[in-house]
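In my numbering, the protein residues as written are 587 to 1152. Heads up, the beta-carbon is just placed ideally off N, CA and C, and yes, glycines get one too. Bear in mind that the values here come from a model prediction, so they are computed numbers and not experimental data.
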């Protein structure tokens, strides 16, 4: 079996060819999140002046007729379809801006001309027949004032079948429009967008049969071809899954997974490998190799089902949502969304194991949520208060992600919490770090949004502990003593959460006149300072030390995590 596989720019892949998408192939399913990723990748590539790699495109060779090469798309139709629709949107802008040379210069990437001077649409779908109709309509468009919505509505043959096709064109059209409004030379920018889209590279794999394409994939990997882990893993599963009749369904569901995870899919594969096999760095060259070697001699269908299940857990981590239609409980949403915003990704293998044990009902819901809160509190203490680097936690993640998945017990969970707290250098370190937390509009050391957010997170942790509530409503940061008077009044010991409305009534009142307002607050920590300090002198520095002990000895107290008493 001879073949050639190397990186090609999209402009070459679309040159003098005709691609067929047979009816039994899956439908076009990409949505806004995937379109957005591609558009942002194009804009980023313009800035970096470096072509974007979009993965592999697997083609089954057909005939060659009248100077055109014919192929059936085995893998990559979502990307090729999206690129085609992106080009249609670009052509609409060329037409509206009377850039007719650029307009006609784009046609050859949507329509090939054979040796008999016959025009052949490059991308043909037996299911989405509107695509060829849209391309022909754009090439023959007359009225530059025709809106994109009117154009799409006029050329969609089946609104129920091809709505997503039209939505993609409109998304790219309006995204381009917004981008062009931000630059001085909109025409040059439009040319840059087209050039960058066509300069994107892909590994083009040609084979004489679908079965050969999977073999080629493995050969490429053995040769060191630069293929992404998720592509190699997909190929491995599709080649070896049994019975072979499962392949089409598995391919469809895998592409659904790719769409949902988007640009996070290779990160998911890496975290999945750690979650299943622990520290893979020294034993294997890649996450794919770790998974492939550990699944030899086993049912590939079982591996596929496990990956699919864990991808659903992973979606919670990268796209958490709450409410009736959400994918998370209120506690999960609060913690996962916090981790997402803070880009705390290192514990995702651990979280996959915990979610799995909870779904199997080995870890009950109460213990599961308590564990999530413990990890959240540790992260706040270690990373936000202590400003330590999370890469120092790798050994804990490697050890316990695998243990919690394969050999879960409450004792293992307790060991995990103990080892995790052992990563904190000690109370003196914690106290010194805690004293550096503060916010002020007057002293440079404590100004800025970063300091403000740091304070907000710490005040939330304290409020959750003293109130025993899972959620904290929005609040403003109240300085009990005026921060303008002394830099010490900027420190965390002088700060409490307070409703914006109540805070607005305080003005420059002395502390003695604020107690009554504090008592009206719904925040436990706010009312708590009234009980603790109203009848005696208030020292912000002493309160800072009090709060440091409260968090270190109670919020991260292992007794609250000891399940052996249940």
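8 Å CB neighbourhood of residue i in its chain, flanking five on each side removed
i: residue 648; result: 606, 655, 656, 657 and 658
i: residue 706; result: 604, 654, 697, 698, 699 and 700
i: residue 991; result: 861, 862, 938, 939, 942 and 943
i: residue 1091; result: 1103
i: residue 886; result: 822, 823, 826, 827 and 828
i: residue 855; result: 815, 816, 819, 873, 874 and 877
i: residue 723; result: 737, 740 and 741
i: residue 1022; result: none
i: residue 1136; result: 1048 and 1051
Cα-Cα separation between residue i and residue j, rounded to whole angstroms
i: residue 618; j: residue 939; result: 30 Å
i: residue 1046; j: residue 1065; result: 16 Å
i: residue 633; j: residue 758; result: 19 Å
i: residue 643; j: residue 661; result: 6 Å
i: residue 1083; j: residue 951; result: 30 Å
i: residue 1101; j: residue 865; result: 54 Å
i: residue 694; j: residue 629; result: 23 Å
i: residue 903; j: residue 622; result: 19 Å
i: residue 1000; j: residue 1025; result: 36 Å
i: residue 1017; j: residue 976; result: 19 Å
i: residue 1074; j: residue 767; result: 47 Å
i: residue 1072; j: residue 669; result: 59 Å
i: residue 851; j: residue 910; result: 27 Å
i: residue 924; j: residue 1036; result: 15 Å
i: residue 929; j: residue 853; result: 13 Å
i: residue 894; j: residue 616; result: 18 Å
i: residue 1011; j: residue 982; result: 15 Å
i: residue 795; j: residue 831; result: 16 Å
i: residue 1099; j: residue 1129; result: 20 Å
For residue i, the nearest candidate out of the options (CA to CA)
i: residue 979; options: 989, 968 and 780; result: 968
i: residue 823; options: 884, 1123 and 870; result: 884
i: residue 973; options: 928, 950 and 1019; result: 1019
i: residue 1140; options: 1074, 1099, 1051 and 852; result: 1051
i: residue 691; options: 743, 725, 720 and 981; result: 725
i: residue 652; options: 671, 620, 702 and 616; result: 702
i: residue 1086; options: 1061, 1105 and 1075; result: 1061
i: residue 667; options: 771, 635 and 751; result: 751
i: residue 789; options: 833, 927, 928 and 599; result: 599
i: residue 674; options: 650, 704 and 708; result: 708
i: residue 834; options: 608, 925 and 931; result: 608
i: residue 754; options: 882, 672, 881 and 921; result: 672
i: residue 964; options: 922, 953, 993 and 1009; result: 1009
i: residue 779; options: 663, 631 and 921; result: 631
i: residue 663; options: 717, 627, 602 and 677; result: 717
i: residue 836; options: 892, 721, 1134 and 636; result: 892
i: residue 1054; options: 1097, 1015, 636 and 1109; result: 1109
Rounded distance between the beta-carbons of residue j and residue i, thought under 8 Å
i: residue 1049; j: residue 995; result: About 33 Å; that fails the 8 Å criterion.
i: residue 966; j: residue 1044; result: 7 Å
i: residue 1126; j: residue 1080; result: 4 Å
i: residue 638; j: residue 786; result: 5 Å
i: residue 1063; j: residue 1077; result: About 12 Å separates the two Cβ atoms, so there is no contact after all.
i: residue 847; j: residue 901; result: 7 Å
i: residue 735; j: residue 763; result: That pair is no contact at about 13 Å.
i: residue 1107; j: residue 1113; result: 6 Å
i: residue 1175; j: residue 1068; result: No answer is possible for residue 1175: it lies beyond the span of the chain, which begins at 587 and ends at 1152.
i: residue 879; j: residue 890; result: The pair is not a contact, with the Cβ atoms about 16 Å apart (cut-off 8 Å).
i: residue 1013; j: residue 1138; result: 6 Å
i: residue 926; j: residue 906; result: 6 Å
i: residue 614; j: residue 714; result: 6 Å
i: residue 1040; j: residue 970; result: 6 Å
i: residue 777; j: residue 769; result: Incorrect: roughly 12 Å between the Cβ atoms, too far for contact.
Residues of its chain near residue i, where Cβ-Cβ distance is below 6 Å and the 5 sequence neighbours each way are ignored
i: residue 899; result: 938 and 941
i: residue 665; result: 640
i: residue 597; result: 784
i: residue 719; result: 741 and 743
i: residue 594; result: 790
i: residue 955; result: 917
i: residue 921; result: 958 and 962
Same chain, Cβ closer than 7 Å to residue i, neighbours up to 5 away in sequence not counted
i: residue 1070; result: 1028
i: residue 908; result: 914, 916 and 919
i: residue 945; result: none
Residue i: CB within 7 Å of a non-hydrogen atom of the ligand ATP
i: residue 758; result: In the structure on display, the ligand ATP does not appear, and there are no ligands present to speak of.
I want to know whether the stretch 959 to 976 touches the stretch 1025 to 1032 - three or more CB-CB distances under 8 Å.
no
Examine the Cβ distances between the stretch 671 to 690 and the stretch 725 to 736 and report whether three or more of them are shorter than 8 Å.
yes
Closer than 8 Å is the cut-off here; do at least three beta carbon pairs connect the stretch 981 to 995 with the stretch 1003 to 1010?
yes
Contact between the stretch 770 to 790 and the stretch 840 to 850 is defined here as three or more beta-carbon pairs at a separation below 8 Å; is this criterion met?
no
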